[in-house]
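These protein sequence lines map, in sequence, to chains A and B. One point on numbering: in our numbering, the residue at position 128 of the first sequence is 401, and numbering is uninterrupted. One point on numbering: in our numbering, the residue at position 39 of the second sequence is 881, and numbering is uninterrupted.
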Amino acid sequence: MSEVVLDMRDAVFRHQISSPSLSKPFGKRLGSGIFSINLKVRKGQILGLVGPNGAGKTTLMRILAGIFPIQKGEIFAHGAKSNELSPISEMELRSIVGHMPEQVRWQGRVSVKRTLQDIAEMRGVAYRVDGILRMVGLSEIENSPLDHLSQGMRQRLTLATALLGSPKILLLDEPFNGLDPIAIRAFEKLLEDLAKKGVSIIISSHRVAGMVHLVDRLALLHRGQLLIEGTLKEIESKFELDNRIQIEGTGDLPEFEKVIGTEASILESKSTEQRWSVIIRNQDDSLLHKLVSSKTEITTWKPKDTDIVEMICSATGQDLDEIGFGVISSTMMPYKNRGEEE
Amino acid sequence: MNDFKKFSKVTMRHLSQRLFSTRMAIMLPILILFIPGMAWGFSDPKVLLPGGISPSSATEVMFYTSLGIVFGATMCSVLLSFDGVSKDRASGLLEIKLAQPMPRTHQSTALVIGHWFAILIPTWILWAVSFVIVKHRMGDWPSIVDVLTSFISVALILLWYVLFSLIASSHAKEQGTSIAFGVGVWFLFTFLWALVTTMIAFASGISIGEENNPKWIGLEGVLDLFSPNGVFHHLLETRLNDVDRGVSPLVLWLVALLWSVIPWYWFNYRMKTIQP
């Protein structure tokens, strides 16, 4: 395993919410946030931070970017010049981290290059602007005003701001939003190249499927807690979401129990007029052969992708109805009971 | 690049963005009309102001011209800085700026100085032009101390209004609230303060409207310390003969310092704790 470049230990941050009362007109109370997060970021690793809306992904990203100060816990990292892990201040964190927020609405008559120079001057790296513009493919439109940029171009410009200063850690909050498939592929290629050069990358998303091929590890966040962190295989195995196959076919729904016996278990089955679909858990590759031999009409045979809802349901022991929209409206934690503040 | 260089570059960037903005192009004719225009009018040898006053020296003419600063330049400073923070916050750019390795106090100070100088430079130029106009019309130059006092006073009042607007901009979640606060503060101190003074005088049993009543003059002098426009006029009055409203110059400069330091500190503190 590669060396750890950032180690977050028991980090807590809770937003302060305005809560006026007669006695305290400017009173505040603690709201949602993140709770006792332990996270290690390794050199050259791409970590996918996944979770539903309101899970705390953006808050965690902002903490890692040095924008929000943690209220408890510590963050250890290699400083800009040192190579040893040590507690790091928010300022030092900002100098080693490049942060790409979700959706920046670039607007105005200022040119792309001038805008990037503005940010570069805050880092003291104005000389890097031309190179970064070339890297993200914006050099040909460097003199265009921001108002003329497409959504994809705006995303690239936001990425360019994150790449200024050669960051050791790159934080990308929902980076693929608004990008077309070609731009996504180019974006992924760029991230892979950066990771090969030793840049650690954290990508936040509410979609697992969109980034499993890109990330080395996944961290699942829900209601401000890190439920699990590991490779997709490890997570699937832990939650028993591995070795699942989705089979679809025509005709009546076959009696699977008879065909497959005890070799596999049926997790879900659906049938409509002349079409059926089942998801089975299978350990044996001979299953397909058995199904074909039994003259079952199969149109689709593919491994079932794990989605975020399944992961959260498995991790929390709740079903979809229980989780639902409650992820945003409630700060109560189903997974662990912290026994404080709530 | 050291911290000071970074700070200077960011300040210059704010300054140039505001100084060469469309907004400034729209406001410049207003400033020209209000500052050199008033200087031209008040320096007319035949001018007779309400109350039968006829300015007799260049310092006196510039004192009356300062109304152009109060009505025009302060409003322009509000209009120039009301979105100093809120615009970046609404667009998401503030998050990028806050993630840069530049201390928040440096960022906030660069914002203040950038916005302040963007309105100060044209106002100072027009203020200097006004002196030339007065010299041309009256053949009189104010003393160097009078000139210095007036330039410093103009700089201070513009700083105060820029600070109020930036504070509002940093607290407001959207730009409407920010501009409403800025214009509201301007309206309070420019128009409503006289009403506040009158009400307090009435409540204190001081007869209103008697211009030569020492009690009224004293109360008005003290209450003006609580208004930036009042402090501005107090500062200019220090160079006028025959004006004494019972406030010592030392207290006055101390109050001017407080009007500068407290909002500036507030804004710096706000920017330290601001969330994108």
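Note that beta-carbon positions come from the ideal geometry of N, C-alpha and C, so glycine has one too.
*Report the rounded CA-to-CA distance for residue 641 of chain A versus residue 394 of chain A, giving the unit in angstroms.*
As shown, chain A starts at 274 and ends at 615. That puts residue 641 of chain A outside it, with no answer to give.
*Could you tell me whether the region 295-311 of chain A touches the region 550-564 of chain A, using the rule of 3 or more Cβ pairs below 8 Å?*
no
*Round the Cβ separation of residue 968 of chain B and residue 868 of chain B to the nearest angstrom and send it over; I've been treating them as touching at under 8 Å.*
To locate residue 968 of chain B, count along the second sequence from 1; it is residue 126. To locate residue 868 of chain B, count along the second sequence from 1; it is residue 26. Not confirmed; about 15 Å, so no contact.
_Run of the alpha helix (DSSP H) containing residue 996 of chain B, from where it starts to where it stops_ = Sequence index remark: in the second sequence, residue 996 of chain B carries index 154 (1-based). Start and end: 986-1013.
*Going along the chain, which residues of its own chain have a beta-carbon closer than 6 Å to the beta-carbon of residue 872 of chain B, five neighbours each way excluded?*
Taking the second sequence and counting its residues from 1, one reaches residue 872 of chain B at position 30. Closer than 6 Å at the Cβ level, and outside the excluded window around residue 872 of chain B, lie 914.
*So what does DSSP say about residue 512 of chain A, is it helix, strand or coil?*
One-based indexing of the first sequence puts residue 512 of chain A at position 239. Here residue 512 of chain A sits in coil by DSSP.
*asked:* Against residue 935 of chain B, what residues of chain A qualify as contacts under a CB-to-CB distance less than 7 Å, listed in chain order?
replied: As a working mapping, residue 935 of chain B is identified with position 93 in the second sequence. Here the neighbours are 377.
_Using only CA atoms, which one of B:1099, B:1100, B:1066 lies nearest to residue 1089 of chain B?_
For the purposes of this step, residue 1089 of chain B is identified with residue 247 of the second sequence, where counting begins at 1. When each option's Cα is compared against that of residue 1089 of chain B, the closest is B:1066.
*List in chain order: all unbroken beta strand (DSSP E) runs of 3+ residues lying wholly within the region 336-383 of chain A.*
345-351, 358-360, 370-373
_Stretch pair the region 481-495 of chain A + the region 317-328 of chain A: three plus CB contacts closer than 8 Å_ = yes
*asked:* Going by C-alpha to C-alpha distance, which of B:1114, B:864, B:1046, B:1044 sits closest to residue 918 of chain B?
replied: In the second sequence, the residue the question calls residue 918 of chain B occupies position 76. It is B:864 whose Cα lies nearest to the Cα of residue 918 of chain B.
*Can you find a C-beta in chain A that's less than 8 Å from the C-beta of residue 1017 of chain B?*
Numbered from 1 along the second sequence, position 175 holds the residue referred to as residue 1017 of chain B. No, because no Cβ of chain A sits closer than 8 Å to the Cβ of residue 1017 of chain B.
*Just mark residue 343 of chain A as buried or exposed, buried being the case when its beta carbon has 16 or more other beta carbons within 10 Å.*
Sequence index remark: in the first sequence, residue 343 of chain A carries index 70 (1-based). By the neighbour-count rule (16 or more Cβ atoms within 10 Å), residue 343 of chain A is buried.
*For residue 542 of chain A, which beta-bridge partners are listed by DSSP?*
Translated into the one-based positions of the first sequence, residue 542 of chain A becomes position 269. Looking at the DSSP assignment, residue 542 of chain A forms a beta bridge with A:551.
*Which same chain residues, not among the five before or five after residue 451 of chain A, have their C-beta less than 7 Å away from its C-beta?*
The sequence position of residue 451 of chain A within the first sequence is 178, counting from 1. Hits under 7 Å: 424, 425, 428.
*When the Cβ atoms of the region 925-942 of chain B are set against those of the region 366-375 of chain A, are three or more pairs found closer than 8 Å?*
yes
*Through-space distance from residue 579 of chain A to residue 519 of chain A, alpha-carbon basis*: Translated into positions along the first sequence, residue 519 of chain A becomes position 246. Translated into positions along the first sequence, residue 579 of chain A becomes position 306. Using only the alpha carbons, I get a separation of about 11 Å.
*Could you say which of A:582, A:378, A:408, A:464 lies nearest to residue 479 of chain A if we only look at CA atoms?*
For this step, residue 479 of chain A is matched to residue 206 along the first sequence. Here the closest residue by C-alpha is A:582.
*Tell me which same chain residues have a C-beta within less than 7 Å of the C-beta of residue 930 of chain B, skipping the five on either side of it?*
In the second sequence, the residue the question calls residue 930 of chain B occupies position 88. Excluding residues within five positions, the ones whose Cβ falls inside 7 Å are 936, 939.
_Please report whether the beta-carbon of residue 396 of chain A lies at a distance below 8 Å from any beta-carbon of chain B._
By 1-based counting over the first sequence, the position of residue 396 of chain A is 123. With 8 Å as the cut-off, residue 396 of chain A counts as an interface residue toward chain B.
_Any chain B beta carbon closer than 8 Å to residue 338 of chain A_ = Counted from its first residue, the first sequence places residue 338 of chain A at position 65. For residue 338 of chain A, the answer is yes, since a Cβ of chain B falls inside 8 Å of its Cβ.
*At a Cβ threshold of 8 Å, is residue 938 of chain B touching chain A?*
Locating residue 938 of chain B in the second sequence gives position 96, counting from the first residue. Yes, its Cβ sits closer than 8 Å to a Cβ of chain A.
*asked:* Can you give me the C-alpha to C-alpha distance between residue 1103 of chain B and residue 1001 of chain B, rounded to a whole angstrom?
replied: Working through the second sequence from its first residue, we reach residue 1103 of chain B at position 261. Working through the second sequence from its first residue, we reach residue 1001 of chain B at position 159. If I take the Cα positions, the gap works out to 10 Å.
*Per DSSP, which residues does residue 522 of chain A bridge with? Please list them.*
Along the first sequence, one-based indexing puts residue 522 of chain A at 249. Answer is A:549, A:571, bridged to residue 522 of chain A.
*asked:* Spatial neighbours of residue 409 of chain A within its chain, please: C-beta separation below 6 Å, excluding the five flanking residues on both sides.
replied: Position 136 of the first sequence, counting from 1, holds the residue named residue 409 of chain A. Counting only Cβ-Cβ distances below 6 Å, and skipping sequence neighbours, we find 429, 432, 433.
_Where residue 931 of chain B meets chain A, residues with beta-carbon distance less than 7 Å_ = Taking the second sequence and counting its residues from 1, one reaches residue 931 of chain B at position 89. Chain A residues near residue 931 of chain B: none, gap ~11 Å exceeds 7 Å.
*Which term fits residue 422 of chain A, buried or exposed, when burial requires 16 or more other beta carbons within 10 angstroms of its beta carbon?*
Start at 1 with the first residue of the first sequence, and residue 422 of chain A comes out as number 149. When all chains shown are included, residue 422 of chain A counts as buried.
*Does the beta carbon of residue 372 of chain A sit closer than 8 Å to a beta carbon anywhere in chain B?*
Locating residue 372 of chain A in the first sequence gives position 99, counting from the first residue. Yes, residue 372 of chain A counts as interfacial toward chain B.
*Just the Cα atoms here: how many angstroms apart are residue 308 of chain A and residue 291 of chain A?*
In the first sequence, the residue the question calls residue 308 of chain A occupies position 35. In the first sequence, the residue the question calls residue 291 of chain A occupies position 18. Those two C-alpha atoms are separated by around 20 Å.
_Is there a Cβ of chain B sitting closer than 8 Å to that of residue 604 of chain A, yes or no?_
Locating residue 604 of chain A in the first sequence gives position 331, counting from the first residue. Bear in mind that a pLDDT of 43 at residue 604 of chain A, under 50, signals an unreliable position, so the number given afterwards is only what the model happens to contain. Answer no: the Cβ-Cβ gap between residue 604 of chain A and chain B never drops below 8 Å.
*How would you label residue 1003 of chain B, buried or exposed, when you count the other beta carbons within 10 angstroms and need 16 or more for buried?*
Numbered from its first residue, the second sequence carries residue 1003 of chain B at position 161. Under this definition residue 1003 of chain B is a buried residue.
*Quick one: which residues of the region 387-417 of chain A get their C-beta closer than 7 Å to a C-beta of chain B? List them in chain order.*
391, 392, 394, 395, 396, 397
_Closest residue to residue 1113 of chain B among B:954, B:934, B:890 (Cα-Cα distance)_ = The residue given as residue 1113 of chain B occupies position 271 in the second sequence. Among B:954, B:934, B:890, the Cα nearest to that of residue 1113 of chain B is on B:954.
_At 3 residues or longer, what runs of the beta strand (DSSP E) sit wholly inside the region 451-482 of chain A?_
473-478
_Listed by chain order, chain D residues near residue 368 of chain A by CB distance under 8 Å_ = Protein chains A and B are contained in the structure displayed, whereas chain D is not.
*asked:* Taking the beta carbon of residue 1041 of chain B as the centre, do at least 16 other beta carbons fall within 10 Å, making it buried, or is it exposed?
replied: Within the second sequence, the letter at position 199 stands for residue 1041 of chain B. Counting Cβ neighbours within 10 Å, residue 1041 of chain B comes out exposed, since fewer than 16 surround it.
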